[in-house]
Amino acid sequence: MRMKQTVEEAVKEAIHKHYNCNGTYPCSEREYCEHCNGHNTAFDCCECGADEFKEGFIAGANWRINSVWHKTKDEVPQAHGEYENEHYPQIPCLVYGKLSTGTGYGVRYWNVTEQCWDDEECDDYECSKDAIDEWAYLDDLISTEE
Numbered sequence: 001m002r003m004k005q006t007v008e009e010a011v012k013e014a015i016h017k018h019y020n021c022n023g024t025y026p027c028s029e030r031e032y033c034e035h036c037n038g039h040n041t042a043f044d045c046c047e048c049g050a051d052e053f054k055e056g057f058i059a060g061a062n063w064r065i066n067s068v069w070h071k072t073k074d075e076v077p078q079a080h081g082e083y084e085n086e087h088y089p090q091i092p093c094l095v096y097g098k099l100s101t102g103t104g105y106g107v108r109y110w111n112v113t114e115q116c117w118d119d120e121e122c123d124d125y126e127c128s129k130d131a132i133d134e135w136a137y138l139d140d141l142i143s144t145e146e
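Residues in the sequence shown are numbered from 1 upward in steps of one, following this note's numbering.
Now the structure itself:
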């Protein structure tokens, strides 16, 4: 599976858009700048703050990637929104841990009533709480933008 863009591709596109590198009044240093065609940092030409922009962009991307993950030893998924019901609340998550298929990632359902992980069909016991190292709500991983 490959994301639409790598972080490096996304930051380059964002820099070009933000600093209008190839726009009506393009940067005169773009042939030398590493954010366009060259190997120099933006600091070398002093025309823009692309280096700082890149650092902030990457820090934000890393925060977004890491902010969705929860350590099972610290917390378990909580029923929310459409998953809140009195009968049998189960919450879909991407998990990492010891699954029936081996150690790795998989989609499993947190069974609020039984306090265990159910399989991807959401109908059978998969593993205990402690078999999963970390988890993320599927809703947090799915883009809401078109």
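For glycine and all other residues, C-beta sits at the position ideal for the given N, C-alpha and C.
Relative to the Cα of residue 60, the nearest Cα in the group 123, 113, 10, 37 belongs to 10. Counting every other CB atom within 10 Å of its CB across the protein chains shown gives residue 72 a total of 16 or more, marking it as buried. Distance from the CA atom of residue 48 to the CA atom of residue 104, rounded to whole angstroms, is 43 Å.
Put simply, the region 77-93 does not touch the region 17-34. Fewer than three CB pairs are less than 8 Å apart. Taking a contact as a CB-CB distance under 8 Å, the pair residue 77 and residue 137 counts as one, their CB atoms being some 7 Å apart. Pairing residue 100 with residue 126, the inter-Cα distance amounts to about 7 Å.
With a 10 Å radius around the Cβ and a threshold of 16 neighbouring Cβ atoms, residue 5 comes out exposed.
A direct Cα-to-Cα measurement between residue 39 and residue 30 gives close to 10 Å. For residue 133, no alpha helix (DSSP H) segment is defined; the enclosing uninterrupted segment is the beta strand (DSSP E) at 132-137.
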